[in-house]
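Engineer: This is the structure, below, for whatever I ask next.
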Amino acid sequence: MSALLELRNIRKSFSTELVLDNLSLEVPEHTATVLIGASGSGKSTLLRCINLLESIDDGEIYLDGQEISDPLVNVDEVRRKLAMVFQSFNLFPHMSVLENIMLAPIKVQGKSKEEARAQGIELLQRFGLSEKFDQYPDRLSGGQQQRVAIIRSLALNPRVLLLDEVTSALDPVLVNEVLSVVRDLKSDGMTMVLATHEMGFATQVADQVCFLQAGNIVERGTPDAVLHNPSHPQTREFLKRLHEAGRL
Amino acid sequence: MSERNNSAWSPSSRELERRKERGRISRRQAIIAAISSVLVLGTLISIAITSPGWAVVRKTFFDVNYGREVLPKVAEGIWINLQLTFIGGACIGVIALALALLRTTKSPALTPFRYLATAYVDIFRGAPLILIILLVGFGVPALGLSGIPSNVIFLGTVAVVLTYSAYVAEVIRSGILSIHPSQRAAARSLGLTSTQTMRYVVLPQAIRRVVPPLLNDFVSLLKDTGLVSILGVTDAVRAAQINASRTFNYTPYVVAAILFLIITIPMTRYTDRAIRQRMSNQNSEGVVL
């Protein structure tokens with residue numbers, strides 16, 4: 175099986191700081207890849223590079239066999255297939271929940287208002303938010319905002335969903351309602367790449383776990399292998415520190 | 010969020026005591042405020058009235074009968090100021106928005122326009138309005154070019170629009186720049202083009218944010234339309250000037266000032282309220298429950 179998303183020898187630096195160092199990764203279709211690692215290890219930058227929000231210094235990124243790191247590709251077209259959900263939700267505060275969800279289907283995919291609305295309502299119903307459709311984001315809890323942000327990305331039927339620490343800004347009770355959405359998507363066969371600090375959750379949804387350290391994947395394997403039986407000393411050290419902090 | 014039943018509650022005896030105390034304190038504060046106001050204002054007024062020059066001041070500045078006589082003429086003049094403000098304001102809005110968008114664009118095809126917009130804003134924001142009015146009002150007709158109207162009201166409006174477009178463009182641009190980059194990132198990652206991102210995500214939020222400073226500029230615009238009187242436009246200022254120089258009584262100026270204040274004070278009060286509301290909205294924004 176060839177990979178839906180493939181990264182080859184990615185290198186990225188911000189001025190003098192090397193953030194991604196010769197990193198390679200394959201994401202097969204219908205699988206979930208979980209990125210773990212300390213803050214600053216390059217997880218978010220990797221996701222932003224995949225979504226072409228940052229340009230890479232070297233290497234290649236392939237989506238469905240097409241090189242999307244080619245400067246000649248239309249970034250807007252590529253981003254329609256790649257949806258990104260952010261740690262800070264980034265809902266549009268001047269639009270209602272439903273308008274947030276309808277914007278891209280109407281403006282990007284050219285759907286009619288009725289069609290986009292029907293789809294939006296259906297998605298909101300599916301994730302238990304239908305009564306919130308006309309609320310503005312600042313009237314919602316953090317967990318609800320993040321679920322709306324995920325729905326907004328799903329409305330474009332993306333090939334790959336990129337989730338950047340989507341639960342980091344939430345309290346433990348709200349974390350669960352967001353994670354259950356991600357679990358649902360996983361069982362639907364959505365291809366996902368997610369950066370997270372929730373190790374228990376990583377064990378549940380991941381097909382592969384990658385441990386990042388200083389911009390490179392130090393260890394990669396099944397959740398059981400990486401999280402419970404790490405072979406690399408740096409992975410062991412990281413997990414030990416998580417354990418001490420009570421996060422494992 | 011929680012909607013628990015509140016009807017069964019009645020205040021405790023301690024709370025009732027506290028309310029009585031609060032009532033006593035605020036009554037005492039009201040009495041102190043009243044006494045101090047009467048003392049200070051009374052002193053100021055009595056000093057003014059009893060001073061030796063008061064009779065002259067009242068006759069030259071506050072002649073009620075003469076003020077009533079010139080009121081219709083000055084009021085006719087302020088109608089011109091209001092027209093200039095609203096017609097000019099509409100033009101300023103359109104031009105300023107275009108300038109602000111040009112200054113924030115990254116489109117390579119628009120690069121020369123970006124530089125031109127920057128130069129325009131630098132020049133018209135930096136030069137005194139009165140110079141621009143003189144240059145356009147007297148200079149342009151002196152060119153004798155055909156097709157350019159020599160109507161002073163029109164030329165005065167053009168001069169005011171030229172200058173205020175630069176001011177307002179900067180206000181709108183600061184609003185655009187104040188929108189957090191994460192909003193743009195979210196829009197772009199949904200596949201919106203940069204133009205769509207500006208149109209549907211950035212600009213609506215930016216305009217909302219700059220409404221209070223724009224209202225401020227609107228008040229200034231109304232006052233500054235008085236400057237076109239130097240071109241001979243018979244606005245409120247000019248009408249007052251004609252009458253004042255005829256009689257050496259300056260009451261017409263005071264009448265004009267009062268007419269301006271009747272319009273600008275409610276506007277500034279409204280602006281202050283809009284700013285306060287905006288601030289309290291911002292404080293509740295982004296709270297993660």
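So the protein sequences, as listed, match chains A and B.
Here this note's numbering runs 174 ahead of the position in the first sequence, where the first position is 1.
Here this note's numbering runs 9 ahead of the position in the second sequence, where the first position is 1.
Here a beta-carbon is modelled for each residue, glycine too, at the ideal position from N, C-alpha and C.
How long is the line joining the alpha carbons of residue 149 (chain B) and residue 172 (chain B), rounded to whole angstroms?
Structural biologist: Reading the second sequence from its first residue, position 140 is the one you call residue 149 (chain B). Reading the second sequence from its first residue, position 163 is the one you call residue 172 (chain B). Roughly 16 Å separates the two Cα atoms.
Engineer: Pairing CB atoms from the segment 255 to 269 of chain B with CB atoms from the segment 56 to 76 of chain B, are three or more of them under 8 Å?
Structural biologist: Contact between the segment 255 to 269 of chain B and the segment 56 to 76 of chain B is present, because at least three Cβ pairs lie under 8 Å.
Engineer: On the three-state DSSP scale, how would you describe residue 308 (chain A)?
Structural biologist: On the first sequence, residue 308 (chain A) is found 134 positions in, with the first residue counted as 1. DSSP places residue 308 (chain A) in coil when its eight states are reduced to three.
Engineer: Is it buried or exposed for residue 281 (chain A), if we count other Cβ within 10 angstroms and need 16 for buried?
Structural biologist: As a first step, residue 281 (chain A) is located in the first sequence; it is residue number 107 there, counting from the start. Buried is the call here.
Engineer: Of all the options B:215, B:165 and B:287, which has the alpha carbon lying nearest to the alpha carbon of residue 93 (chain B)?
Structural biologist: For the purposes of this step, residue 93 (chain B) is taken as the residue at position 84 of the second sequence. Nearest option by C-alpha distance: B:165.
Engineer: Starting from the beta carbon of residue 262 (chain A), find every residue of chain B whose beta carbon is closer than 7 Å, and list them in chain order.
Structural biologist: Stepping through the first sequence from its first residue, residue 262 (chain A) is reached at position 88. By Cβ distance, chain B contributes 191.
Engineer: What residue from A:358, A:406, A:369 and A:349 has the CA that sits closest to residue 337 (chain A)'s CA?
Structural biologist: Numbered from its first residue, the first sequence carries residue 337 (chain A) at position 163. Minimum Cα distance to residue 337 (chain A) is reached at A:369.
Engineer: For residue 195 (chain A), verify whether its CB is less than 6 Å away from any heavy atom of the ligand FMN.
Structural biologist: Absence of the ligand FMN from the depicted structure is noted, as is the absence of any ligand whatsoever, leaving it without description.
Engineer: Under 7 Å between beta-carbons, which chain A residues line up against residue 8 (chain B)? List them in chain order, please.
Structural biologist: The question about residue 8 (chain B) has no answer, for chain B in this structure spans 10 to 298.
Engineer: Would you mind giving the Cβ-Cβ distance between residue 194 (chain A) and residue 211 (chain A), rounded to the nearest angstrom? I have them listed as a contact below 8 Å.
Structural biologist: Start at 1 with the first residue of the first sequence, and residue 194 (chain A) comes out as number 20. Start at 1 with the first residue of the first sequence, and residue 211 (chain A) comes out as number 37. That pair is no contact at about 12 Å.
Engineer: When you compare the CB of residue 294 (chain B) with every CB in chain A, is at least one pair closer than 7 Å?
Structural biologist: For the purposes of this step, residue 294 (chain B) is taken as the residue at position 285 of the second sequence. Residue placement at residue 294 (chain B) is poorly supported in this model, since its pLDDT is 47, which falls under 50; the coordinates are not used for a value here.
Engineer: Determine the contact status of residue 245 (chain B) and residue 83 (chain B), defining contact as a CB-CB distance below 7 Å.
Structural biologist: For the purposes of this step, residue 245 (chain B) is taken as the residue at position 236 of the second sequence. For the purposes of this step, residue 83 (chain B) is taken as the residue at position 74 of the second sequence. In contact: residue 245 (chain B) and residue 83 (chain B) (Cβ atoms closer than 7 Å).
Engineer: Would residue 250 (chain A) pass as an interface residue toward chain B - the criterion being a Cβ-Cβ separation below 7 Å?
Structural biologist: As a position in the first sequence, residue 250 (chain A) is number 76, starting the count at 1. It does: the Cβ of residue 250 (chain A) has a partner Cβ on chain B nearer than 7 Å.
Engineer: Note down, in chain order, all residues in the segment 388 to 404 of chain A with a beta-carbon under 8 Å from any beta-carbon belonging to chain B.
Structural biologist: Going along the segment 388 to 404 of chain A in chain order, one finds no residue with a Cβ nearer than 8 Å to chain B.
Engineer: Please tell me whether residue 214 (chain B) has its Cβ less than 7 Å away from any Cβ of chain E.
Structural biologist: Although the question refers to chain E, the structure presented lacks it and instead comprises the protein chains A and B.
Engineer: Locate the beta strand (DSSP E) running through residue 191 (chain B), then write down its first and last residues.
Structural biologist: Numbered from 1 along the second sequence, position 182 holds the residue referred to as residue 191 (chain B). Taken as a continuous stretch (DSSP letters only), residue 191 (chain B) belongs to no beta strand (DSSP E), being part of the alpha helix (DSSP H) at 190 to 198.
Engineer: Look up residue 150 (chain B) in the DSSP assignment and give the residues it is bridged to.
Structural biologist: Here residue 150 (chain B) refers to the residue found at position 141 of the second sequence. Note: residue 150 (chain B) sits in no beta bridge, so no partner.
Engineer: What residue does the alpha helix (DSSP H) around residue 350 (chain A) start on, and which one ends it?
Structural biologist: Taking the first residue of the first sequence as position 1, residue 350 (chain A) is located at position 176. Taken as a continuous stretch (DSSP letters only), the alpha helix (DSSP H) holding residue 350 (chain A) covers 346 to 361.
Engineer: Roughly how many angstroms separate the alpha carbons of residue 230 (chain B) and residue 106 (chain B), rounded to a whole number?
Structural biologist: Residue mapping note: residue 230 (chain B) aligns to position 221 of the second sequence, counting from 1. Residue mapping note: residue 106 (chain B) aligns to position 97 of the second sequence, counting from 1. When rounded, the distance between both Cα atoms is 17 Å.
Engineer: Tell me, which residues are paired with residue 202 (chain A) by DSSP?
Structural biologist: In the first sequence, residue 202 (chain A) corresponds to position 28, counting from 1. Residue 202 (chain A) is bridged to A:177.
Engineer: Using a Cβ-Cβ cut-off of 7 Å (strictly less than) and excluding sequence neighbours within five positions of residue 293 (chain B), which residues of its own chain qualify?
Structural biologist: Numbered from 1 along the second sequence, position 284 holds the residue referred to as residue 293 (chain B). Interpretation of residue 293 (chain B) is limited by its pLDDT of 46, a score under 50 that renders its predicted location unreliable; the figure taken from the coordinates is listed afterwards. So the list is empty, once near-sequence residues are dropped.
Engineer: Quick one: measure Cβ to Cβ for residue 220 (chain A) and residue 332 (chain A), integer angstroms, because I've assumed they're closer than 8 Å.
Structural biologist: Locating residue 220 (chain A) in the first sequence gives position 46, counting from the first residue. Locating residue 332 (chain A) in the first sequence gives position 158, counting from the first residue. Rounded, the Cβ-Cβ distance is 17 Å, inconsistent with contact.
Engineer: Just the C-alpha distance for residue 169 (chain B) and residue 142 (chain B), rounded to the nearest angstrom, thanks.
Structural biologist: As a first step, residue 169 (chain B) is located in the second sequence; it is residue number 160 there, counting from the start. As a first step, residue 142 (chain B) is located in the second sequence; it is residue number 133 there, counting from the start. Approximately 7 Å, taken between the alpha carbons.
Engineer: Taking a contact to mean a Cβ-Cβ separation below 7 Å, would you say residue 259 (chain A) touches residue 323 (chain A) in this structure?
Structural biologist: Taking the first residue of the first sequence as 1, we reach residue 259 (chain A) at position 85. Taking the first residue of the first sequence as 1, we reach residue 323 (chain A) at position 149. Cβ distance < 7 Å, so residue 259 (chain A) and residue 323 (chain A) count as in contact.
Engineer: For the segment 270 to 288 of chain B, enumerate the residues whose C-beta is nearer than 7 Å to any C-beta of chain A, in chain order.
Structural biologist: Cβ contacts with chain A come from no residue of the segment 270 to 288 of chain B.
Engineer: Is it right to say residue 60 (chain B) is buried, meaning 16 or more other beta carbons lie within 10 angstroms of its own, or is it exposed?
Structural biologist: As a first step, residue 60 (chain B) must be located in the second sequence, where it is residue number 51. Classification for residue 60 (chain B): exposed.
Engineer: Which residues in chain A sit within 7 Å of residue 217 (chain B), going by Cβ to Cβ distance?
Structural biologist: Numbered from 1 along the second sequence, position 208 holds the residue referred to as residue 217 (chain B). Under the 7 Å cutoff, chain A gives 268.
Engineer: Sort A:373, A:357 and A:278 by Cα distance to residue 196 (chain B) and report the nearest one.
Structural biologist: Walking along the second sequence from the start, residue 196 (chain B) turns up at place 187. Residue A:278 is the option with its Cα nearest to residue 196 (chain B).
Engineer: Whole angstroms is fine: what's the gap from residue 210 (chain B)'s alpha carbon to residue 184 (chain B)'s?
Structural biologist: Walking along the second sequence from the start, residue 210 (chain B) turns up at place 201. Walking along the second sequence from the start, residue 184 (chain B) turns up at place 175. Going from the Cα of residue 210 (chain B) to the Cα of residue 184 (chain B) covers about 13 Å.
Engineer: Could you name the residues of chain A that residue 114 (chain B) contacts, counting a contact when the two beta carbons are closer than 9 Å?
Structural biologist: Within the second sequence, residue 114 (chain B) is the residue found at index 105, counting from 1. The contacting residues do not exist; residue 114 (chain B) stays about 17 Å from chain A at best.
Engineer: Assuming contact is defined by CB atoms lying nearer than 7 Å, are residue 213 (chain B) and residue 180 (chain B) in contact in what I supplied?
Structural biologist: Locating residue 213 (chain B) in the second sequence gives position 204, counting from the first residue. Locating residue 180 (chain B) in the second sequence gives position 171, counting from the first residue. Their beta carbons are not under 7 Å apart, which means residue 213 (chain B) does not touch residue 180 (chain B) by this criterion.
Engineer: Which chain B residues sit within Cβ distance under 8 Å of residue 350 (chain A)?
Structural biologist: Walking along the first sequence from the start, residue 350 (chain A) turns up at place 176. Here the premise fails: no neighbours, minimum Cβ distance about 15 Å.
Engineer: Whose C-alpha, out of A:274, A:251, A:187 and A:243, is nearest the C-alpha of residue 192 (chain B)?
Structural biologist: The count along the second sequence starts at 1 and reaches residue 192 (chain B) at position 183. Among A:274, A:251, A:187 and A:243, the Cα nearest to that of residue 192 (chain B) belongs to A:274.
Engineer: Would you decide whether residue 132 (chain B) is buried or exposed? Buried here means 16 or more other CB atoms lie within 10 Å of its CB.
Structural biologist: On the second sequence, residue 132 (chain B) is found 123 positions in, with the first residue counted as 1. Under this definition residue 132 (chain B) is an exposed residue.
Engineer: To the nearest angstrom, report how far apart residue 218 (chain B) and residue 224 (chain B) are at their CA atoms.
Structural biologist: Translated into the one-based positions of the second sequence, residue 218 (chain B) becomes position 209. Translated into the one-based positions of the second sequence, residue 224 (chain B) becomes position 215. Each residue's Cα considered, the two are about 12 Å apart.
Engineer: Buried or exposed: residue 285 (chain B), going by 16 or more other Cβ atoms within 10 Å of its Cβ?
Structural biologist: One-based indexing of the second sequence puts residue 285 (chain B) at position 276. Burial call: exposed.
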